[in-house]
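These notes are about the structure you will find just below.
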Ligand SMILES: [Zn+2]
């Protein structure tokens with residue numbers, strides 16, 4: 006399946022998402038993360054706080070995608086930063102899982 010054909014990308018191309026995204030930026034024209042640091046920066050992108058792209062059930066994906074409470078208006082830089090932080094979760098989780106697996110191994114065979 007091509008990247009543009011995934012349910013997530015179809016969702017992002019839907020008129021419903023484009024309308025909600027425009028509405029969110031109308032309501033929150035300034036970056037929410039920058040505002041917390043006392044800076045006024047125009048918001049350019051709308052971020053899903055609970056990630057939508059990992060949700061496999063299409064109904065739950067839509068619920069999450071179109072939940073106004075799940076949206077954050079961000080500048081490009083803060084949006085990148087949020088995704089960097091989300092990605093940095095998984096290596097740590099993987100490392101913890103590997104450690105647990107190793108402990109199990111040594112309990113059995115050590
Ligand atoms: Zn920002």
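In this note's numbering, the protein residues as written are 6 to 115.
Built from N, CA and C at the ideal position, the CB exists for glycine as well.
Residue i in three-state terms, based on DSSP
i	result
residue 50	strand
Nearest-angstrom Cα separation, counted from residue j out to residue i
i	j	result
residue 72	residue 54	10 angstroms
residue 82	residue 62	30 angstroms
residue 115	residue 14	48 angstroms
residue 46	residue 35	5 angstroms
residue 41	residue 78	12 angstroms
residue 90	residue 59	16 angstroms
residue 49	residue 106	43 angstroms
residue 52	residue 44	18 angstroms
residue 84	residue 39	11 angstroms
residue 6	residue 17	Since pLDDT at residue 6 reaches only 48, below the 50 mark, its modelled position is unreliable, and the value read off the structure follows with that caveat. Spanning the two alpha carbons is a distance of roughly 16 angstroms.
residue 26	residue 111	51 angstroms
residue 70	residue 93	22 angstroms
residue 116	residue 66	Residue 116 lies beyond the range of the chain shown here (6 to 115); nothing can be said about it.
Span of the alpha helix (DSSP H), counted from its first residue to its last, around residue i
i	result
residue 72	Run containing residue 72: none; DSSP gives neither H nor E here.
residue 32	20–32
residue 13	12–17
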